[in-house]
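Below you'll find the structure, written out as structure tokens, and then a few comments.
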Amino acid sequence: MTDDAMSRPLTAAIRPGAPPPGIADYRRSGGYLGAAKALREMTPDKVREEVTAAALRGRGGAGFSTGRKWGFLPKPDGGDRYLVVNGDEMEPGTFKDRLLLEGNPHQLIEGVIISAFAVRASHAIIFLRGEYVLAAQRLEVALEEAAAAGLVGQGLFGSGFDLDIQLHSSAGRYICGEETALLTSLEGRRAIPRAKPPFPQTSGLWGCPTVVNNVETLCNVPHIIRHGAAWFRALSRGEDGGTKIYGASGRVRRPGAWELPMGTTVREIIEEHAGGMQDGYRLRGFLPGGASTEFLTAEHLDVAMDFASVEKAGSRLGTGTMVILDDRTCPVGMLQNLEHFFAQESCGWCTPCRDGLPWTERILEAIEDGRGRPEDLDLLAMHVDHLGMGKTFCALAPGAMEPLASGLKYFRADFERHIAEGRCPWR
Amino acid sequence: MALTDQQIAEITRLTSHYRQKSGAAVEALKMVQRTSRWVSDEDLGAVASLLDMSPDSLDGVATFHNLIYRQPVGRHVILVCDSVSCWIMGCRLLGDHLRRQLEVQWGGTTADDRFTLLPVVCLGACDHAPTVMVDEDLHGEVTPAKLDQALEGYR
Amino acid sequence: MAVTLTIDGRAFQVEAGDNLLHACLSLGFNLPYFCWHPALGSVGACRQCAVKQFRDAGDHAGRLVMACMTPVADGMHLSIEDGEAKSFRASVIEWLMTNHPHDCPVCPEGGECHLQDMTVMTGHVRRRYRFHKRTFRNQYLGPFVAHEMNRCIACYRCVRFYRDYAGGQDFDVFASHRYVYFGRAEDGRLENEFSGNLVEICPTGVFTDKPLGRLYARKWDMAGAPSVCVHCGLGCNVTVNARAGHLRRLLNRYHHQINGYFLCDRGRFGHGFADLPERIRQPLRQSHPLTRDATLRHLAGILPAAKPIGIGSPRASLEANFALRQLVGPDRFHLGLAAEEQRLLSLIIDILQKGPAPAATLADAEQADAVLVLGEDLPNTAPRLALALRQATRRQAFAIAGRLGIPSWLDNAVRDAAQQEKSPLFIATLDATRLDNLATAVFRLPDMEVARLGYAIAQAIDDDAPKVSDGSAEFLSQAQVVAQALAEAQRPLIVAGTSSGSRAVIEAAANLAWALCRRGRAAQLSMVVPECDSLGLALMGGGNLAEAFAAVDAGAVDTFIVLENDLYRRAERSAVDACLNRLRHLLVIDHSSHQTAARAEIFLPAADFAESDGTLVNNEGRAQRFFSVRPPSGGIQESWRWLRDMAAVRHEGEPLPWRQLDDVTAACAKALPGLSDITNAAPGAGFRIAGAKIPRQPQRYSGRTALHADRTMHEPKPAEDPDTPLAYSMEGAATKPPPSLIPFVWAPAWNSVQAINKFQQEVGGPLRGGPAGSLLIHRSRQARRTYLGEVPRPFAPRRGRWWIEPLYAIFGSEELSRMSAPIAEILTSPTVALPPADAARLGITEGALVELRLGGEIRRMPATLHPALPPGTGGLLAGTPESIGLILPGWGEIKACEGTP
Ligand SMILES: Cc1cc2nc3c(=O)[nH]c(=O)nc-3n(C[C@H](O)[C@H](O)[C@H](O)COP(=O)(O)O)c2cc1C
Ligand code: SF4
Ligand code: FES
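Chains as they are written, first to last, in our numbering: chain A, -14 to 412; chain B, 100 to 254; chain C, 455 to 1355.
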């Protein structure tokens, strides 16, 4: 066992630019041992307890405890159950799942096997966004290899547990990543989110009990089972177990994604791993975990990137992939770009999101183009207020308001200058 | 143009993965699109009947998704990421360049039917921003010059 | 169970299990909403119904919740008036308005627009959005519904009604984000027979009543009257609107046991027959107009010496029929029905009165957890019942949802949880029906086999039921499957009726329901009858047409007084011709013209349903009163008044001492014990609220002087209405009338049809003042225990002959609606339907001309191939000019013939 594999379990086997490990390579480095252990030596409940004890929190953005989520499933009644892998990854600034999908598909498959066993789901579906063509091809190959090796199908590892894993490639639309919209989409309908309750665990895909987990979340599971919850927790520098794939994009020297201990500071990520800002650019702020998280600024560089710390700083860990705003980029323009995305990706179901986001976008556009009015700032504030959590049907619109709310807070002077001067100072 | 036997067989295979045939809706439309480039009304109707769906409800699904084309597109589709990281890294210049170079607007198809130009949301390659996807190939760290060169490869 | 809520500091009791919006509206609060509908449930899309919920009395921050998505809970603390809630609700309107075109002045919905009402309710007044609005192309959706997508506020009600509730396949929502588009994949007529409800379901002006648009008036400029649909036997309640003497439109009138919130398109758009340009408005003698005096003089010359028979009508009111009966005397009163139909109707009454299974209301039918349909193509013969059964198949979905703790009103969640699971529905008919795709199993059988199936099922349920001794093993095992599903249900429903003309089918249905009752099930029967007063007429009793013809033949009769009836629709053409040829006098009273009327010596123009009043009895035996919305014009008067006038000139016998409708109703109730309750169907003419009549015109009714300005500058005095408690004016009591007298729904702040909330005891429940109408059929206490009839012999195909049964079309089979312009536009030409294999043997292809010989009649028309038809059978669209005068079902000969169709 290399040090790497013990400290960077998710990515140790991933070599950028090279094809992913085949099943033989994967097995040689201990792959599928976790699955064998779980299915041969553990009960589903034991697997779930281990994952709960590992303090694994969902990597899809909301950060819910994975073990607890699995615990909400009703007792098996002989009917179908589903495990659905959320590989939609469409949140701007986020590129971690692609790394795992393309870099080591067997790791995900093993995670799926163990997790499906834990929730007693005999069907697993990997939902991939349509643009992830390479990931789809590599997963397809890996699934064939796994099937040929008897790792999916009937009676896995001699356990009497059956599992089929199916790949579903979608065709665009960010809302498909919202877990209930994803299920609706898998049923061949328009990807409109569902009301919760009922939660997917009680009534999910085709009305059956269903668990939806993010790609990165599930990739952690084999390692937890192999090395134990205590080991997993020890990987982290904070309360949340494990490592995290952090990323940085924007005007940094070396944009990229790195697997680091959970709780690594922002400064370490930006300065050490991303190599700091490019020459001539200074950091003005950053979205810590993708487009739907609140801006933080230079004063937050020492915040640890774990769920609780980022929340304390006034934002969310989200997907853990940061987008960096530099001093030569207009924050109003950036927000317009973000709101353009959210307005366009609204599913069109609920009023505030469908009609409020386009308005927000247009106001920002007007300000950016020098057509802003002082009262526009009140209108933006009204939207921030009225598109908050609970007021819209799903979390898309509240997510859209996070960068805007914080942008109005940290960059208010920039807004005012746009309006006062009737132009964008950066143009 | 009706569906080929092979397409019908493929759709039938896809539907077998789902508890109800409708589950294969998006994949079936994409499959048709792989050969026909876009989904005509006629093909949509044919797919709908294979999925036990009404054409209206399948079209409701088709038009929901931005990667299902309900209008003819060129031989190659250029998807230019316009999301935040690529925006910071200058995707607007790329868009302007392409529109000038290809003499099309967003959503348009070149006169020689070679390219259709579309914006797309974050391609999940922000570390290589700005990014462009041509058909199924991802291009990172794109500049106008690199893009011109890359497009040469698509006839 | 009741729970206690605190709303803005006041405590209220509400029913547990409701959602907050339902509860708040029922308590009388004006809480705005769009996507929610009492019949469609909650989906939480529009976010308009936000209220503040507090953790407890001490919590002052609270959080916004959508009332429609929140179950009530005991001890809940809420605020509707909370500042944040109010400002959020105003924002929702402001957002909706970013794309709405603000075209109220030219929008047909203006003045009865839920969006207008909600806008005012939230207090949003100033427009702050200054950017472009999105625009759409509109679609042609057929002759019923107009489309203006720019007005859309994307509440999703249309698609939820059309696709989810009514099962329409040709309508959906397209695209996404702010471009969501509600319409069809391509332009074309909306195929679902409930499309007209979009007009009422849509909270703004996207879907509007197209015929109304041709001759438009605002809601407040139209007089309204409560009425009853005259286009089938279900008795759906409708509101009729008129202005300047023209019928403008028909709307649903809520009746919680019958039509609820929805009507079929035949009912909604069938009224055009009343305003045809060619309508006869003067008495005619041999087709020449006559003054009233001359007419009466002429009648005085005929009647005293005549030996008349009165021929009544199942589409005329009880009062009109009774007047005729009084004019000619009970012995000379004939129902105007074929003998067989009359026998079937009497049988139905007998079954409902004496058997243990009661008649189901449509609301009951909706609650049935297993249904068997015997011999009725419901979407065509009783459309609103088909819609109810569509909901009945969802009982299973609600059960599944209930097990998962999902409240029944959480609509999408219920559908997601239940997926395709449905409660049992079995359909046994000759040809395919539009309900088949919901059915657990369908059986394609000729009528006697349908009956045999019913008998076999009854036998499988109860050993004592008559035995089908010669059924195949497969047949009996099919029956066993159905029997099991019905016997496992708590509230099974058996549907049958007169459509296939088979006594055995009706008897089998009754036996089956009774067998279920014996097994302790609360089984109900739904008996479909063809016309709006079929059952009333049968309750009245009288001779049948065959007897009338025989009396003419025998020379005992030389005059027919035909009331609102076309005899050619009731008997073989040759028989009618022969009879009419022998008569000395044919006197016809009707509002519409037809082949019998064309032969009348004297034609008396009768008032239609919109200019007269009377009582109709629906298929469950419920007497309901309909009211005029306009006074009769020209030489037109109510049928009963013509008959009274005839009695006055017919020296022998008593003149009829009737001055107003109530006199006729009361006389009828007195003379006929079975009809004694009809006086309770609605309050009589003397009914007053605070001493005043109920105005038909809304208080804002405008242009009264201008309406007549081309003729006179003076506003004419409003017409008197001696017959009803309603007035032809805007003066009168503004308070809420009892349910049977509601001329239009309006309440302060509620100008749209959704104002009905304010008339209900609780939202979606009975109207305040109890259900309108009175039930005439009461189950006798000693319910019959013996089974009916005998098992018919199996269907035996005949060489060279086909068993031709009537087929029905929602548009085309019914006499009056087919004359209505928007319906006439979509009628298809009739065909002979044949099984493809039989047709092939005859060398007949789709569309080829064939000759049909049936009884003494010959018809030529194109053939259509119906794959569902069993071999040896065929079908013919009933009620069309080409098929009337044929007696169906019957054995027909079919052959290919030369020529093009
Ligand atoms: C608009 C929207 C988009 C989302 N997109 C994704 C996504 O692409 N991938 C993902 O894993 N989770 C996404 N989520 C979060 C999922 O709803 C869900 O929380 C997650 O898949 C659960 O997995 P986890 O518990 O493993 O994190 C999205 C949520 C919202 C509201
Ligand atoms: S917030 Fe509303 S409109 Fe937006 S994506 Fe969610 S459900 Fe759809
Ligand atoms: S009525 Fe409650 S959200 Fe629409």
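Positions of the beta carbon are idealized from the N, C-alpha and C atoms, including for glycine.
Report task. Locate the alpha helix (DSSP H) running through F1028/C, then write down its first and last residues. Result -> Residue 1028/C is actually Ser in this sequence, not Phe. Unbroken alpha helix (DSSP H) run through S1028/C: R1027 to R1036.
Requested in this report: To the nearest angstrom, report how far apart N651/C and C609/C are at their CA atoms.
Outcome: 15 Å
Requested in this report: Evaluate the contact criterion for the stretch 123 to 141 of chain A versus the stretch 159 to 172 of chain A: three or more CB pairs, one atom per stretch, below 8 Å.
Outcome: no
Requested in this report: From the DSSP output, read off the bridge partner residues of P246/A.
Outcome: T228/A
Requested in this report: Counting only the same chain and skipping the five closest in sequence on each side, list residues whose C-beta sits under 6 Å from that of G239/B.
Outcome: A224, H227 and T230
**Report entry** Per-residue burial, Y715/C [other beta carbons within 10 Å of its own, 16 or more giving buried]
**Finding:** buried
Query - Which residues DSSP lists as bridging T409/C, in chain order - result: The structure shown has nothing for residue 409/C, since chain C only spans 455 to 1355.
Query - R898/C versus E830/C, D472/C, F585/C and L459/C, residue with shortest Cα-Cα distance - result: E830/C
**Report entry** contact_flag[the stretch 1224 to 1243 of chain C, the stretch 1201 to 1213 of chain C] where n(CB pairs < 8 Å) is 3 or more
**Finding:** no
Query raised in the report: Closest to K129/B by CA distance: which of L310/A, A109/A and H153/A is it?
Result: H153/A
Query - Heavy atom of ligand 1 within 6 Å of L381/A beta-carbon - result: yes
Query - the stretch 1124 to 1141 of chain C contacting the stretch 1068 to 1085 of chain C, beta-carbon criterion three pairs below 8 Å - result: yes
**Report entry** Spatial neighbours of F378/A in its chain, beta-carbon cut-off 8 Å, leaving aside the 5 residues before and after
**Finding:** P178, A180, W334, C335 and C338
**Report entry** N-terminal and C-terminal residue of the alpha helix (DSSP H) that P1276/C is part of
**Finding:** A1275 to A1278
**Report entry** Neighbour flag for N71/A against chain B, beta carbons, 7 Å
**Finding:** no
Query raised in the report: What do you reckon, is the C-beta of M75/A under 6 Å from a heavy atom of ligand 1?
Result: yes
Query - Chain-ordered chain C contacts of D340/A [CB-CB under 7 Å] - result: W549, L550, T552, N553 and R632
Query - Residues, ordered as in the chain, of the stretch 220 to 250 of chain B that lie near chain A by beta-carbon distance below 7 Å - result: V220, C221, L222, G223, A224, C225, D226, A228, M232 and E235
Query raised in the report: Mind checking if W186/B is an interface residue toward chain A, Cβ cutoff 7 Å exclusive?
Result: yes
Report task. Measure from the alpha carbon of Y11/A to the alpha carbon of each residue in P59/A, P207/A and P240/A, then state which is nearest. Result -> P207/A
**Report entry** Chain-order list of residues whose beta-carbon lies under 7 Å from that of L222/B (same chain, five-residue window excluded)
**Finding:** C180, T230, M232 and L237
**Report entry** Same chain, Cβ closer than 6 Å to L136/A, five either side skipped, listed in chain order
**Finding:** none
Report task. Determine the chain A residues that contact M152/B at a beta-carbon separation under 8 Å, and present them in chain order. Result -> G173
Query raised in the report: Is V32/A near ligand 1, in the sense that its beta carbon is under 6 Å from a heavy atom of that ligand?
Result: no
Query raised in the report: For G173/B versus D212/B, is the C-beta spacing smaller than 7 Å?
Result: yes
Requested in this report: Might you give, ordered along the chain, the residues of its own chain that have their beta carbon closer than 7 Å to the beta carbon of G1157/C, omitting 5 neighbours on each side?
Outcome: D675
Query raised in the report: Quick one: which chain A residues come within Cβ less than 8 Å of V546/C?
Result: T336 and P337
Query - Cβ-heavy atom distance, G223/B to ligand 1, below 6 Å - result: no
Requested in this report: Buried or exposed for N998/C, please, with buried defined as at least 16 other CB atoms from any protein chain shown within 10 angstroms of its CB.
Outcome: buried
Query raised in the report: Counting contacts by CB-CB distance shorter than 7 Å, is A871/C in contact with chain D?
Result: Included in the structure are the protein chains A, B and C, with no chain D among them.
**Report entry** Stretch-stretch touch, CB-based, cutoff 8 Å, three pairs: the stretch 1260 to 1270 of chain C with the stretch 1281 to 1290 of chain C
**Finding:** yes
Query raised in the report: Mind pulling the chain C residues with CB within less than 7 Å of H371/A?
Result: F542 and S545
Query - Interfacial residues, the stretch 574 to 588 of chain C to chain A, with Cβ spacing under 7 Å - result: R582, Y583 and F585
Query raised in the report: Around the C-beta of H1048/C, are 16 or more other C-beta atoms found within 10 angstroms, so that it is buried, or is it exposed?
Result: buried
Query - C-beta atoms of A242/A and K54/A nearer than 7 Å - result: no
Query raised in the report: What first and last residue would you give for the alpha helix (DSSP H) that runs through C204/A?
Result: V200 to H212
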